[in-house]
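A.B. asks: There's a structure below that I have some questions on.
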Amino acid sequence: LARGAAEPDLTGRHVVVSAGGTREPLDPVRFLGNRSSGKQGYALARTAAARGARVTLIAANTGMPDPAGVDVVQVGTAVQLREAVLKAAPDADAVVMAAAVADFRPAAYASGKIKKKDGQEPDPIVLVRNPDILAEISADRARAGQVVVGFAAETDDVLANGRTKLRRKGCDLLVVNEVGERKTFGAEENEAVVLGADGSETTVPYGPKEALAETVWDLVVRRLG
Ligand code: CTP
Ligand code: CA
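In structure tokens:
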């Protein structure tokens, strides 16, 4: 489908995009984190704004400047990201979860820096599950007709795992990337397959994260009707 540079097909729509990676603190100076840069989420926010949408960007530890014309909410942890998404979702036409959300967080937070003890091995770090934000917003659509999009990073059996994950999460679209040491995380370019709950499969060739973002919005617009 040919489309102009910035056809305003998201005019009058509100979209919520999460970006970056959550950090789960262990003590005041340490955290468990991941390699997500936030670039894909920022590309989604910029392209949605260019297509006329009101955009709420929920940014987790990206260190990037706020994109022009976008409302940015900064968060740190998965629990904070969930609160921000649930707050913005009720009047959103689409929610796109591009953020890498930590599956687990340390069970305890030490209010003082954890210190070494002479001659002793360190204590193990006990983890607990974080809430699954995508599954929650998919199960409990805040608005009729809301389109929910997830991202999945897979290292093996990419498409089969993607299909299973799409069903498990209950979202409308799942963007599946193959990741590895040098693939996707922090890169300028991205390659993906977008799986639809309707059985559709859209391959996005290796290219800039903007191009993948535009394809995601094309698929969202089609579902918004
Ligand atoms: N996600 C989320 N909340 C979580 C974990 C993930 O909302 N606690 C979202 C991510 O933002 C992403 C999608 O779910 O859009 C898929 O994330 P992924 O880590 O691939 O899925 P998981 O269900 O956590 O499965 P895995 O065990 O493979 O990590
Ligand atoms: Ca995960």
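Sequential numbering from 536 applies to the sequence shown in my numbering.
Heads up, the beta-carbon is just placed ideally off N, CA and C, and yes, glycines get one too.
1. With a 10 Å radius around its C-beta and 16 neighbouring C-beta atoms as the bar for buried, classify G556 as buried or exposed.
2. Go to I649, then tell me how far its beta strand (DSSP E) extends in each direction, as first and last residue.
3. Report the rounded CA-to-CA distance for L536 versus A688, giving the unit in angstroms.
4. Is D638 near ligand 1, going by C-beta to nearest heavy atom under 7 angstroms?
5. Which residues in the same chain as V550 place their Cβ atom closer than 6 angstroms to its Cβ, once the five residues preceding and following it in sequence are excluded?
6. Can you determine whether any heavy atom of ligand 3 sits closer than 7 angstroms to the C-beta of D675, and answer yes or no?
7. Can the beta-carbon of A613 be found less than 8 angstroms from the beta-carbon of E656?
8. Give every residue of the same chain whose Cβ lies closer than 6 angstroms to the Cβ of V661, excluding the five residues on either side of it in the sequence, and list them in chain order.
9. Cutting at 6 angstroms between CB atoms, please list the residues of its own chain near M632, excluding the five before and the five after it.
10. Tell me the rounded alpha-carbon separation between D691 and S572.
11. Would DSSP call Q575 helix, strand or coil?
12. Beta carbon of A634, beta carbon of L616: below 8 angstroms?
13. I want to check one thing, is the minimum distance from the CB of F686 to the heavy atoms of ligand 1 below 7 angstroms?
14. Just to confirm before moving on: does the CB-CB distance between A637 and N665 stay below 8 angstroms?
15. Which residues share a DSSP beta bridge with L754?
16. Compute every distance between the C-beta of P666 and the non-hydrogen atoms of ligand 1, then say whether any falls below 7 angstroms.
17. Considering Cα atoms alone, identify which of L561, M599 and E542 is closest to V663.
18. With distances taken Cα to Cα, identify the nearest neighbour of R594 among D667, A578 and K648.
C.D. replies: Concretely, from the data shown:
1. buried
2. Here I649 belongs to no beta strand (DSSP E), and DSSP marks it neither H nor E.
3. Low confidence applies to L536: its pLDDT is 48, below 50, so where it sits in the model is not reliable, and the reading given next is rough at best. L536 and A688: Cα-Cα distance of roughly 27 angstroms.
4. yes
5. A583, A588, V590 and A629
6. Annotation note on ligand 3: not contained in the displayed structure, which lists ligand 1 and ligand 2 as its ligands.
7. no
8. A642
9. S553, L669 and G685
10. 21 angstroms
11. helix
12. yes
13. yes
14. yes
15. Answer by DSSP bridge pairing: none, since L754 is not bridged.
16. yes
17. L561
18. In the sequence on display, residue 594 carries Ala and not Arg. With distances taken between Cα atoms, A594 lies closest to A578.
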